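>
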Amino acid sequence: MDTCRQERDRWRHNADSYEQELTGVRLERAHLLAWLAALHPSSAVLTERDADGGPVLSLRAGEHTLFWSLAPAELPLFAHVPYAAPAPREEAHDRAARIREHTRLLAVEDMLTCAERQQHPY
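Under the working numbering, think of the first position of the sequence shown as 294, with each following residue one higher.
1) Which residues mark the beginning and the end of the beta strand (DSSP E) in which Ala-354 is found?
2) With a 10 Å radius around its C-beta and 16 neighbouring C-beta atoms as the bar for buried, classify Leu-398 as buried or exposed.
3) Out of Ser-310, Tyr-376, Trp-361 and Asp-387, state which residue places its alpha-carbon closest to the alpha-carbon of His-324.
4) Which of the three DSSP states is assigned to His-333 in this structure?
5) Can you give me the Cβ contacts of His-427 inside the same chain, cut-off strictly under 6 angstroms, excluding the 5 residues immediately before and after it?
6) Would you call Leu-350 buried or exposed, if buried means 16 or more other Cβ atoms sit within 10 Å of its Cβ?
Written as structure tokens, this is what we have:
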């Protein structure tokens, strides 16, 4: 019986540690999304509710709108983001691919700009 209790306690500890880690990751995600929204104020909007009943953040990346569901407790981080009517939603796997593509394009643009600055010393 002691072995079972020890095993149960070990699993509870693991579950608690996992929950703490997940909570930290979710909070960091929310802060990063709020930062992105602040960097892109012309395209960042919140919509009232998603299918789960929570608010949704949308941002434009190139020609695409990307969406993230937010927890109601995260809303104070997005006080700087205006509300708008809901837009058509894209699939989540498309979002990751579009973020990678947009990041690649921004990096190439930055490399070209840096190379141009190096050619012109003024």
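Glycine residues also receive a C-beta, built at the ideal position from the N, C-alpha and C atoms.
All values derive from a computational prediction rather than experimental measurement.
With the structure as the only source:
1) 349-354
2) exposed
3) Trp-361
4) coil
5) Nothing can be reported for residue 427, as the shown portion of the chain is limited to 294 through 415.
6) buried
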